[in-house]
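For the protein sequence lines, the chains are U and D, in the order given.
Using numbering that gives the first Met the number 0, the letters of the first sequence correspond one by one to residues 0 to 238.
Using numbering that gives the first Met the number 0, the letters of the second sequence correspond one by one to residues 0 to 295.
Idealized CB from N, CA, C, for every residue including glycine.
Note that the structure is predicted; figures quoted are calculated from it, not measured.
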Amino acid sequence: MDEHDSNTDPIIRMFSVGKYYGSKAALTGVTLDVFRGEYVFLTGPSGAGKTTLLKLLYMAEPMTEGQILIQGMNLSRINKKRMPYFRRKIGVVFQDYKLITTRTVYENVALVLLAIGADKKYIKKKVRHVLSRVGLEDRMNAYPPALSGGEQQRVAVARALCGNPAVVLADEPTGNLDSASAGLVLDLLEGFNAQGGTVLLATHDESLLRRASRILSLEAGSLVLDTGREDPDMAGFGQ
Amino acid sequence: MMRMAANHFYRAVADVRENLGLHVLAASTIGLIFLLSGTFALALENLSALMERWHDNARIMVYLEDGAADEAGGDIGSALEKIPGVTAVDFISAKRALEELSGQLGAQAGVLEGLEENPLPDAYELTVDLSLGAEVVRTAARMAGEIPGVADVEYGQAWLSRFEVFVRLFRVFALSLGILLLVAGVFITASTIRLVLYNRAEEISIMRLVGATEGFIRAPFYIQGAFQGLAGGLLALALLAILYAAAASGMSGSMVLGGFSPRFLPAWAAAAGLVLACATGLAGAALTFVRPGEGR
C-alpha cells in the first residue's frame with residue numbers, strides 16, 4: 000500500500016462504465032468513486048453485474064464504454080504488456096478460490112512473489128508471515144484438495160495479500176463457505192482494511208452487509224444504491 | 000535475472016518429469032527427423048569429399064600401342080610432359096599394371112593366374128593441375144591422343160561432371176527434405192508443448208491473474224522445447240555415429256571407392272546440428288503461443 004496517499008483520494012474511479020455482451024447490457028452507466036481505506040460491499044441479485052464490474056476492475060474483461068481509473072491509472076490505456084504490472088497492485092479473491100491444485104499452499108501463495116522475481120529468502124519470510132496471518136502456517140505443505148473450503152479461501156486471501164496490494168477485490172468470497180469459515184475470511188479482509196487497505200467485496204448475502212462501511216447495490220447492470228462513505232458530503236452519491 | 004532463470008528451469012524440469020512419456024516421444028520423433036537429415040548430411044559430406052578427392056587427383060590415362068614404348072623410348076613421355084597443365088607423368092608398364100591389379104584384387108587375384116599373356120597395355124598416367132580449370136583436362140587429353148604411338152586416352156572428367164551434377168541435385172533434394180523435416184519437427188514440438196499447456200491452462204490463467212508476465216509464463220515452455228530439441232539432436236547424433244561406424248568399417252579403403260575412406264560429420268557440423276535441433280524445439284514452443292486469444 001502506498002502510505003503517501005491520503006484516504007480522501009479515490010483509489011477506484013468509474014465514469015459511465017458500460018459492458019455489453021453483444022446487445023445484452025451487463026453494466027450500464029456505472030459512475031462511482033471508491034476511496035483509499037474504504038471497505039465497500041457490492042451487492043445485488045444474481046446477474047446484477049457484480050462479477051462483471053469486478054472483472055472490469057482487474058482487467059479480466061475489457062469495458063465496452065466509459066473510463067476506469069485505479070490509482071490514477073486509466074485502464075483503457077494499459078496494454079497487454081503492462082497488464083501484469085497493473086494486476087500486481089490489486090489482490091483478487093474468487094468464490095471458487097482459484098488455487099493451483101497441483102501446487103502446495105506455500106507454492107500457491109509464493110507464486111505472486113515468484114512472478115515478480117522476488118528474492119527466495121524474502122519469499123520464504125513473506126509467505127510464512129502471510130500464512131500465519133491467515134492461520135495456515137502449519138498447512139503450508141498441504142495441497143489445496145486436502146484443505147477444507149474455508150482453509151482454501153484463506154489461502155486465496157493470503158495469496159491476494161502477499162503482494163502488498165493497495166486494493167483487494169473479492170468476488171463472493173464466502174459464497175461456498177459455512178458461516179464460521181465465512182466469518183474468518185471476512186475477519187482477514189477487515190484486518191487488511193484496518194491497516195489501510197481498500198476492499199471491494201461482491202456478495203449477494205445480505206446478512207453480511209452489516210459489516211460494510213459502505214454499500215453499493217447493482218440491479219440489472221445499473222448502480223441503484225450507494226450508501227456513501229462516512230464523509231457526509233459523499234453520502235448518497237450515485238443513487 | 001539468474002534467480003528468475005533458475006526458477007524457469009526448475010518449472011520446466013518439473014513439467015518434463017510430469018509429462019515424461021510425452022516428452023520422450025516428441026524427443027524421439029525429433030531424433031528420427033534429425034537422424035534422417037543427418038544421414039543426408041553425412042552422405043553429402045562424403046560425396047563432396049569423394050568429389051574433391053577425384054578433383055585433386057585429376058588423372059589422364061594414356062594407353063600406348065603394342066610395342067610403342069620400346070620403339071619410341073622416352074619420346075612419348077617427353078611429349079606428354081610438355082602438354083600445358085600436366086604436372087606429373089608416370090610410366091606404368093603392362094607388367095607393373097598387372098602387378099598392381101593383382102595387389103588390388105587381393106584374395107581374388109587367382110583369377111589372373113589363368114591368363115596366358117598380359118592383356119594390359121603399357122600406359123602413362125598424367126596428373127593435371129585442375130586449378131587451371133576443367134578445360135585443361137580436355138585439352139591435355141586431346142593433345143595426348145595426337146601423339147604418335149598413343150592408342151587411347153581415358154579421363155574421368157566427363158563422368159566427374161555428371162557426378163557433380165548428381166551431387167548438386169542431391170544437395171538440393173537433401174536441403175529441401177531437411178527443411179520439410181525441420182518444419183515437421185517444429186510442429187511436433189508445438190503439439191507436445193500445446194498438450195502440456197492444456198494441462199496447465201487453469202494454472203496459467205491464475206498466473207496471469209496474479210500478475211505474472213507472459214515471459215514468466217512462457218519461459219518454462221521455451222525451455223521444454225529446447226530440451227526436446229536438444230535431446231532429439233543428441234539421440235540423432237548418437238544413432239548416426241553408430242550407423243556410421245557400422246557402415247564405415249565395411250567401406251574404408253574400398254577399391255570401389257578408389258581407396259577413399261569415409262569420414263564422419265565435422266565437429267562444427269555436429270554442433271550446428273545440435274543448435275538447429277534446439278532451435279527447432281524453441282520454434283515449436285514459440286509456435287504454441289501463436290494463437291488468437293492465447294496472449295490474454
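Taking residue i as the reference, give the member of the options with the closest Cα.
i, options, result
"Gly280 (chain D)", "D:Ser101, D:Arg16, D:Thr191", "D:Thr191"
"Glu150 (chain U)", "U:Ala165, U:Gln70, U:Leu187, U:Ile89", "U:Leu187"
"His203 (chain U)", "U:Gly71, U:Arg12, U:Ile11, U:Phe40", "U:Phe40"
"Tyr19 (chain U)", "U:Lys123, U:Leu52, U:Pro9", "U:Leu52"
"Gly162 (chain U)", "U:Arg102, U:Ser216, U:Asn175, U:Ala117", "U:Ala117"
"Val127 (chain D)", "D:Ala140, D:Glu70, D:Pro120, D:Ala284", "D:Ala140"
"Thr188 (chain D)", "D:Gly232, D:Gly37, D:Ile59, D:Glu70", "D:Gly232"
"Arg229 (chain D)", "D:Ser77, D:Arg95, D:Ser27, D:Tyr9", "Before going on, a small fix: residue 229 (chain D) reads as Leu here, not Arg. The option with the nearest alpha carbon to Leu229 (chain D) is D:Ser27."
"Val167 (chain U)", "U:Lys124, U:Asn192, U:Tyr84, U:Ala47", "U:Asn192"
"Ser216 (chain U)", "U:Arg35, U:Thr50, U:Gly21", "U:Thr50"
"Met13 (chain U)", "U:Met139, U:Gly65, U:Met72, U:Ser75", "U:Gly65"
"Asn175 (chain U)", "U:Gly48, U:Leu26, U:Val29, U:Tyr96", "U:Tyr96"
"Arg285 (chain U)", "U:Asp170, U:Tyr142, U:Gly134", "Absent from the model: residue 285 (chain U). The displayed extent of chain U is 0 to 238, so no value can be given."
"Gly214 (chain D)", "U:Leu68, U:Val104, U:Val33, U:Leu113", "U:Leu113"
"Gly66 (chain D)", "D:Ile82, D:Gly105, D:Ala93", "D:Ala93"
"Ala157 (chain U)", "U:Leu130, U:Gln194, U:Pro143, U:Leu146", "U:Leu130"
"Ile241 (chain D)", "D:His22, D:Thr287, D:Leu264, D:Ala225", "D:Leu264"
"Arg35 (chain U)", "U:Ala47, U:Lys54, U:Ile77, U:Ile89", "U:Ile89"
"Glu134 (chain D)", "D:Ser160, D:Glu115, D:Ala285, D:Glu145", "D:Ser160"
"Leu194 (chain D)", "D:Ile91, D:Met50, D:Leu286", "D:Leu286"
"Gly48 (chain U)", "U:Thr226, U:Asp225, U:Gly220", "U:Gly220"
"Asp177 (chain U)", "U:Gly148, U:Glu189, U:Met72, U:Thr100", "U:Gly148"
"Glu163 (chain D)", "D:Ala5, D:Ile216, D:Arg52", "D:Arg52"
"Lys79 (chain U)", "U:Ala59, U:Thr27, U:Lys124", "U:Ala59"
Less than 8 Å between CB atoms is the rule here; does residue i satisfy it with respect to chain U?
i, result
"Asn18 (chain D)", "no"
"Asn6 (chain D)", "yes"
"Ile205 (chain D)", "yes"
Could you tell me which residues DSSP puts in a beta bridge with residue i?
i, result
"Pro143 (chain U)", "Answer is none; Pro143 (chain U) lacks a bridge partner."
"Ala201 (chain U)", "U:Leu41, U:Asp170"
"Glu64 (chain U)", "U:Gly17"
"Glu116 (chain D)", "BP columns for Glu116 (chain D) are empty, so no partner."
"Glu124 (chain D)", "D:Met60, D:Asp89"
"Glu134 (chain D)", "DSSP lists no partner for Glu134 (chain D)."
"Thr12 (chain U)", "The identity of residue 12 (chain U) in the sequence shown is Arg, whereas the question assumes Thr. Arg12 (chain U) pairs with U:Asp32, U:Leu68."
"Glu218 (chain U)", "U:Ser221"
"Tyr57 (chain U)", "Paired residue(s): none; Tyr57 (chain U) is not in a bridge."
"Ala24 (chain U)", "U:Tyr19"
"Glu44 (chain D)", "BP columns for Glu44 (chain D) are empty, so no partner."
"Asp151 (chain D)", "D:Tyr62"
"Val92 (chain U)", "U:Ala169"
"Arg213 (chain U)", "U:Val39"
At a CB-CB cut-off below 8 Å, which residues of chain D make contact with residue i?
i, result
"Asp118 (chain U)", "Arg2"
Whose C-beta lies closer than 7 Å to the C-beta of residue i among residues of the same chain, with five residues either side of it excluded?
i, result
"Ala247 (chain D)", "Pro261"
"Val61 (chain D)", "Leu79, Ala122, Tyr123, Leu125, Ala143, Val149, Val152"
"Glu37 (chain U)", "Thr197, Ser212, Arg213, Arg228"
"Leu302 (chain D)", "Nothing can be reported for residue 302 (chain D), as the shown portion of chain D is limited to 0 through 295."
"Ala109 (chain U)", "Ile122, Val126"
"Val91 (chain U)", "Tyr57, Ala159, Leu168"
"Gln94 (chain U)", "Asp170, Glu171, Pro172, Gly174, Asn175"
"Arg245 (chain U)", "Here chain U covers residues 0 to 238 and nothing more, so residue 245 (chain U) does not appear."
"Gln70 (chain U)", "Ile10, Lys88, Ala165"
What residues from chain U crowd round residue i, counting only those whose CB sits closer than 9 Å?
i, result
"Gly210 (chain D)", "Met82, Pro83, Tyr84, Phe85, Arg86, Arg87, Lys88, Ile89, Val111, Ala114, Ile115, Gly162"
Taking Cβ positions only, does residue i come closer than 8 Å to chain D?
i, result
"Lys18 (chain U)", "no"
"Arg138 (chain U)", "no"
"Ile99 (chain U)", "yes"
"Arg158 (chain U)", "yes"
"Asp230 (chain U)", "Because the pLDDT of Asp230 (chain U) is 47, which lies under 50, any placement of that residue in the model is unreliable, and the number read from its coordinates should be weighed accordingly. Answer no: the Cβ-Cβ gap between Asp230 (chain U) and chain D never drops below 8 Å."
Which residues in chain U have a C-beta closer than 7 Å to the C-beta of residue i? List them in chain order.
i, result
"Phe215 (chain D)", "Ala114"
Can you name, in chain order, every residue of its own chain whose Cβ lies under 6 Å from the Cβ of residue i, other than the five neighbours on each side?
i, result
"Gly184 (chain D)", "Ile29, Ile32, Thr279"
"Leu234 (chain D)", "Gly30"
"Val223 (chain U)", "Ser216"
"Asp32 (chain U)", "Pro9, Arg12"
"Ser180 (chain U)", "Gly149"
Taking C-beta pairs closer than 8 Å, name the residues in chain U that residue i reaches, listed in chain order.
i, result
"Glu202 (chain D)", "Ile99, Thr101, Arg102"
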